[in-house]
Amino acid sequence: MKIIKLGAVNSTNEYLKKYINDNCIKTSHIVYTFNQKKGKGQRGKIWHSDPGKNLAFSMCFFPKNIKAINQFSINMLVSLFIINILKSLKIPDLKIKWPNDILSGVKKICGILNEVKVKGNRIENIIIGFGININQENFENLPNASSLKLINQINYDLHSLVGLIIQDLKKNDYLRFKSKLNIKKISRIYHKNLYGTDTFINFKDSDNKIFQAKIVSVGENGIMKINTSTGKFESYNFQEIQMILN
Ligand code: BTN
31 MKIIKLGAVN
41 STNEYLKKYI
51 NDNCIKTSHI
61 VYTFNQKKGK
71 GQRGKIWHSD
81 PGKNLAFSMC
91 FFPKNIKAIN
101 QFSINMLVSL
111 FIINILKSLK
121 IPDLKIKWPN
131 DILSGVKKIC
141 GILNEVKVKG
151 NRIENIIIGF
161 GININQENFE
171 NLPNASSLKL
181 INQINYDLHS
191 LVGLIIQDLK
201 KNDYLRFKSK
211 LNIKKISRIY
221 HKNLYGTDTF
231 INFKDSDNKI
241 FQAKIVSVGE
251 NGIMKINTST
261 GKFESYNFQE
271 IQMILN
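Once you know that position 167 of the sequence shown is 197 in this note's numbering, the rest is easy, because the numbers rise by one and skip nothing.
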């Protein structure tokens, strides 16, 4: 795995995407920076990050064995990989907010953006990008955001933390697609770590209607099944609904 560390960049995902294309890359690469200036978030949003405080990390893989319809299992894997790293740092009360944000309590500390290139029914390549809020202490206009420092009162060494992530990654045959995915097992662990399965939480649908529901399950296609407080079962994909953190 080639590792590229950048002093600053607009977006590690975009940089890696261009790098793969320009250099006809077909092997796994990692790109990271502590100064991402124009990070891409989900749903076309911007992922803000104070310079020198946080990690923006992207990696690309060329999995031979994953069908396009199973691509949500990659989201599950990445979320679990990050949960394990944060657990080893003793970050409390970790949960995955569907589809794949990482929470400590009800505060978001990590956002993930996976970009998949599909050819036919197979995945040609995948760029897995995540940002972890590490030492940032102010999140203006982001009431649900937090950082490892705000939670654990520790000023983290960014270089050691990225070293730990890369070390863990090298050990993880699953995430590097070196061994066949056991989707059932991954899904079971994902559900154990999923936020909103045991108590009612607030959701907002595409008509901005707010309602309460519990998550019943998330399929291998990423579709979430919920049970509303009025007793109805409904299914949503990622574009159709938003979860509201309390
Ligand atoms: C979100 O929660 O909206 C997803 C945020 C993803 C941010 C990461 S930081 C590294 C990678 N490069 C980007 O431009 N975005 C992702």
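Backbone N, C-alpha and C fix where the C-beta goes; we use that ideal spot for every residue, glycine too.
From the DSSP output, in three-state form, read off residue i for me.
{"i": "residue 55", "result": "coil"}
{"i": "residue 271", "result": "strand"}
{"i": "residue 277", "result": "Given that the chain is displayed from residue 31 to residue 276, the structure contains no residue 277 and the question cannot be resolved."}
Residue i: buried (16+ other C-beta within 10 angstroms of its C-beta) or exposed?
{"i": "residue 90", "result": "buried"}
{"i": "residue 233", "result": "buried"}
{"i": "residue 66", "result": "buried"}
{"i": "residue 201", "result": "exposed"}
{"i": "residue 86", "result": "buried"}
{"i": "residue 193", "result": "exposed"}
{"i": "residue 33", "result": "exposed"}
{"i": "residue 209", "result": "exposed"}
Mind checking whether residue i and residue j have CB atoms under 7 Å apart?
{"i": "residue 43", "j": "residue 159", "result": "yes"}
{"i": "residue 181", "j": "residue 121", "result": "yes"}
{"i": "residue 157", "j": "residue 145", "result": "yes"}
{"i": "residue 254", "j": "residue 77", "result": "no"}
{"i": "residue 68", "j": "residue 40", "result": "yes"}
{"i": "residue 216", "j": "residue 107", "result": "yes"}
Using CA coordinates, which residue listed in the options is at the minimum distance from residue i?
{"i": "residue 163", "options": "261, 82 and 268", "result": "82"}
{"i": "residue 169", "options": "79, 260, 37 and 75", "result": "79"}
{"i": "residue 187", "options": "199, 173 and 165", "result": "165"}
{"i": "residue 251", "options": "240, 238, 265 and 257", "result": "265"}
{"i": "residue 116", "options": "54, 130 and 134", "result": "134"}
{"i": "residue 114", "options": "151, 137, 177 and 199", "result": "199"}
{"i": "residue 97", "options": "60, 49 and 149", "result": "149"}
Give a yes or no on whether 7 Å exceeds the smallest Cβ distance from residue i to chain C.
{"i": "residue 120", "result": "No chain C appears in the structure shown, which is made up of a single protein chain."}
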